[in-house]
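A quick write-up on the structure given underneath.
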Amino acid sequence: MTLVEDAFRTVVEQFKDPLAFLRELVQNSLDAGSTVIDVEVRTDGELVTFEVQDSGEGMDRAIIEGRLLRMFASDKEGDATKIGKFGIGFKSVFAIHPESVIVDTARGAERWRVLIAPNGSWQLFTLDEPLEGTRVRVLKREPDAAKRERWVSEGRATVRRWCRYADAEIRFAGTTIHEPFALDAPVTVRLPLAAPKDELLVGLTAASDAPWGFYNKGLTLLEGTGAFPGLPPWACFRARDGALEHTLTRDNVIRDDAFHRTMARIEEAARGPLLEAALSALEGGDPGRDDVARALARPAADGLLTKPAARARRAILRDARGRTVRTTDAIEAARRNTLARVVGPSPLALAAERAGHLVLCTPPLSGVDALADALCGPRDVLHLSHVAVEPATDKEQWQAAPLTQAVAAMFAKLDRHLDVVVGRVDDPTGALRDAPAIVARDLSMPVPRSIATTVPPTSKRKKAALTLLLTSDAVQCALRLAEKDAWLAAFLLVRLVLAGDGDGDTEAAPLAAEAWRRRCGGAP
Amino acid sequence: MTDGPIVLKGPRLARALRRLAAALLASRANASFFDVRSAAGHLAHAQDEVAFDHSTGLPTYESWARLRADWQLAHEAASNERQQALRGLPAPRLGDLEVSVRSADKRSRRLHAALDKVAANGRLLRLRVDLTLDRRVDDSELLDLLFPAADLPAELLLLRVANSGGVREVERVSICAVDAFVDIESSNEPALAPLALSLAAPGAVALSLSTQLCAVDVTPGDNDLLGDEPSPDARAVRARLGTVALPQRLYRDRKLVVNAVAAPLMAEHARARGAQTVFYRVETP
């Protein structure tokens, strides 16, 4: 074995995927100018046949003897319009240890059949049939039926993995495997390169397993997922660039000037046009804006949405009424501690607005929530710490008047001066589901959840307001009882309120006496 | 038969365009040819009436110019489904040059140039030249040189390019053309039956694609089953091919897309000419 043959064997054996030769043959077909390439893997008894047929320029004897069958001989080196370079593409068929390889090809007035044995020896015959382009058949004997089937399925998967973005129509067993060259990301920017069809797709992603890939004429050179070394973690990309090249072993991209130029452009795009596109998507009514916001959280945490200053003026957040809010305003409100975050439009949001807060709508676990955390610092939504009271209608107040007046009188007896009304509580957490009433100094403001059920000290000058919650079963029972006996209903209700307050037992005796007195018109 | 264009409308037009598009897609035309996939896409969206050249059976240049105008309109404002579909297609290339740099140094550029052109008679031409140019020659000068010469036989084109100022070397010149389309229905329907293909069978559908290649590395030959006599000029150039002055050699070929009716007739024709013609089959839509 010569030194060159030895080196060639070493290279072929290093091919990670023995079926990668299908990609190499497709690459040769593309370089030959074919726009339609048919790939097939079929079985016949113990024989598995891998076939790649194109309608490209084909080969004459000089090419067959000089370049197809000689190690490391390629006429493509130095030609930027071709993908192949090293002259090992075709020879990779030997990685599968074939029984034989048959190449039929036509170029100009020449038509040839080449029979190649496993040891690399070959015979050349003239082909006496019309032919366009080149047809390569790789025959492998496989006694195991299950393995034969696996060759077929893996052949399809291999062609799809390596060739799905290729410039030509590539068909596997008659079915096209072509997919549009695209990136699955909430925001993508396309940057054309000098050569026609060459372009960079740079996407913004929140996923930790977002894809990246390098391609030459649409053929896959290298693909992967997750953050790419040297790039910001929010960037994913697909680079289609004729200047990129495979390593000899086909498991990586050569880190040459072209590679570094491409990576520099991707990084530039990731920090510039991509972020601008994402901000525009957030400002507009993009239906996927929550995904965009989630993906923007990481660049926001790095301070890239506030520098340059123009970015900070972009109105990318929304308040509870759906109005846009500028980043600078939200950050400033957070600094002054006047920023409130709510899960959506609600009485609590309006109450917070009335209290002078800048209210951002940030549903929990949403992308907007993550973005607001990154921009303004983590902050609980207002619903976790506060509730708001929604007064009942006038009609409901009128219907409940006997009970509310009785309750107010009972509390007055205890020297608690309360305005009593009926209403509902805005409490999406449901924590106050069973509470009969909410107490607050000012019911138009958000009520801290921690003191919402505690009756505060009051005086005739400094009253508080108590809202009996119509959603409470106890209040509903009391309202029904009040139709017959308002004082008993009030007594029971006030006891319930005070029980929640922790004062139930100490206040029980005077309350019972008052109820009895009111009910019977005298002392018990 | 008149020499004017054959104007097809309505269902006859739709059938003819469907068959032409199917034949184009079945032709496996490689990169040496006009982009047949794009051409088929545009033909699918032709409307009202289309004029076909009587000598080629192909839509005339004017018809393609209309398709290009439709495409441009669609890009300005796509208001319906057809215009949306047109927006997804590349522009019809009526006379567009694409230049790729194969390598370059301080004084020269080694280029691959491809010119797409729709000839007046509807032939879809792609002219490809691999050549080395002085740095001072820019792409527009190359277009000026190639565009008027695209209809010439390849050997005359080679001579013209090789003798132009600023051209250092010409490795290869090829002219590949979709050059004839046959679609014959019953005698009552207008037929697209260019004489060159000499097909007169009702039900026949055929598409012809020719190749002329002048290159230093090609084995010369003539496998064109419709090959005609060269002009005296062309004959004179051919006599010089393969010499030191003109080392390039000429190869001519033709492949056909045929349906079941046309296949045996054209196969017989190829046998009679001794041509090893590649046939691709198309089912008549």
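Taken in order, these protein sequences are the chains called A and B. Residues 1 to 524 (my numbering) are what the first sequence spells out, left to right. Residues 1001 to 1285 (my numbering) are what the second sequence spells out, left to right. For each residue, glycine too, the CB sits at the ideal point set by N, CA and C. As the structure is a prediction and not an experimental result, all values here were calculated from the model.
Proximity test, Cβ basis, 9 Å: residue i and chain A
i: G1242 of chain B; result: no
i: A1031 of chain B; result: yes
i: R1107 of chain B; result: no
i: R1188 of chain B; result: In the sequence as displayed, the identity of residue 1188 of chain B is Asn instead of Arg. No, N1188 of chain B lies away from the interface with chain A (no Cβ there is under 9 Å from its Cβ).
i: S1100 of chain B; result: yes
i: N1223 of chain B; result: yes
i: D1138 of chain B; result: no
i: K1117 of chain B; result: no
Identified DSSP bridge partners for residue i
i: E1169 of chain B; result: B:T1132
i: I170 of chain A; result: A:I37
i: H246 of chain A; result: A:V253
i: K217 of chain A; result: Partner(s): none; K217 of chain A has no beta bridge.
i: K111 of chain A; result: One point to set straight first is that residue 111 of chain A is Arg, not Lys, in the sequence displayed. Answer is A:A106, bridged to R111 of chain A.
i: Q123 of chain A; result: A:L115
i: I316 of chain A; result: The partner list for I316 of chain A (beta bridge, DSSP) is empty, contrary to what the question assumes.
i: A464 of chain A; result: A:L418
i: D1116 of chain B; result: B:D1096 and B:R1126
i: Q53 of chain A; result: A:D38 and A:R135
i: D1183 of chain B; result: B:L1192 and B:V1205
i: L1312 of chain B; result: It is not possible to answer for residue 1312 of chain B, since the shown part of chain B is limited to 1001 through 1285.
i: E199 of chain A; result: A:P192 and A:R240
i: I63 of chain A; result: Answer is none; I63 of chain A lacks a bridge partner.
i: V342 of chain A; result: A:C361
i: K91 of chain A; result: DSSP, once it has assigned bridges, lists no residue as partnering K91 of chain A.
i: T176 of chain A; result: A:R171
For residue j and residue i, the rounded distance between their alpha carbons
i: A157 of chain A; j: L30 of chain A; result: 19 Å
i: A1162 of chain B; j: A1113 of chain B; result: 14 Å
i: W1064 of chain B; j: H178 of chain A; result: 28 Å
i: Y1280 of chain B; j: L1209 of chain B; result: 11 Å
i: P1232 of chain B; j: F1181 of chain B; result: 28 Å
i: D38 of chain A; j: P1230 of chain B; result: 37 Å
i: V1014 of chain B; j: T1056 of chain B; result: Correcting the residue type first, residue 1014 of chain B is Ala in the shown sequence and not Val. Distance between the alpha carbons of A1014 of chain B and T1056 of chain B: 18 Å.
i: D1183 of chain B; j: V1036 of chain B; result: 18 Å
i: L139 of chain A; j: A145 of chain A; result: 15 Å
i: A1021 of chain B; j: L1256 of chain B; result: 14 Å
i: D319 of chain A; j: E1049 of chain B; result: 57 Å
i: A1026 of chain B; j: V1278 of chain B; result: 12 Å
i: D1151 of chain B; j: R1160 of chain B; result: 12 Å
i: I451 of chain A; j: S385 of chain A; result: 10 Å
i: T429 of chain A; j: V494 of chain A; result: 25 Å
i: F228 of chain A; j: G356 of chain A; result: 45 Å
i: A297 of chain A; j: R461 of chain A; result: 49 Å
i: R240 of chain A; j: P180 of chain A; result: 12 Å
i: L1131 of chain B; j: V1216 of chain B; result: 12 Å
i: R424 of chain A; j: G230 of chain A; result: 55 Å
i: D1070 of chain B; j: L358 of chain A; result: 52 Å
i: A166 of chain A; j: A1201 of chain B; result: 40 Å
Beta carbon proximity, residue i to chain B, threshold 9 Å
i: L131 of chain A; result: yes
i: T35 of chain A; result: yes
i: G108 of chain A; result: yes
i: R111 of chain A; result: yes
i: R57 of chain A; result: A quick correction: the sequence has Glu, not Arg, at residue 57 of chain A. Interface residue, yes.
i: D54 of chain A; result: yes
i: D241 of chain A; result: no
i: P196 of chain A; result: yes
i: A465 of chain A; result: no
i: E169 of chain A; result: yes
i: F86 of chain A; result: Caution applies to F86 of chain A, whose pLDDT of 47 falls short of 50 and renders its modelled position unreliable; the value that the coordinates give is listed next. No - not a single Cβ of chain B is within 9 Å of the one on F86 of chain A.
Integer Cβ distance of residue i from residue j, believed to fall under 8 Å
i: D1003 of chain B; j: H1054 of chain B; result: 6 Å
i: P364 of chain A; j: V389 of chain A; result: About 22 Å; that fails the 8 Å criterion.
i: T564 of chain A; j: A295 of chain A; result: Absent from the structure is residue 564 of chain A, since the part of chain A shown begins at 1 and ends at 524.
i: V1099 of chain B; j: L1086 of chain B; result: About 27 Å; that fails the 8 Å criterion.
i: S55 of chain A; j: G155 of chain A; result: That belief does not hold up - the Cβ atoms of S55 of chain A and G155 of chain A are roughly 21 Å apart, past 8 Å.
i: G1122 of chain B; j: Y1061 of chain B; result: 7 Å
i: Q123 of chain A; j: L131 of chain A; result: Actually they are not in contact, since the Cβ atoms of Q123 of chain A and L131 of chain A sit about 18 Å apart, beyond 8 Å.
i: C1176 of chain B; j: F1033 of chain B; result: 5 Å
Any C-beta of chain C under 9 Å from that of residue i
i: G1041 of chain B; result: You won't find chain C in this structure, because its protein chains are A and B.
- Task: May I have a chain-ordered list of the alpha helix (DSSP H) segments no shorter than 4 residues that lie completely inside the region 366-416 of chain A?
- Result: 367-376, 382-385 and 394-413
- Task: Please specify which runs of the beta strand (DSSP E), each continuous and at least 3 residues long, are wholly inside the region 1198-1242 of chain B, giving them in chain order.
- Result: 1205-1215 and 1221-1223
- What are the complete alpha helix (DSSP H) segments, minimum 4 residues, inside the region 1014-1056 of chain B? 1036-1043
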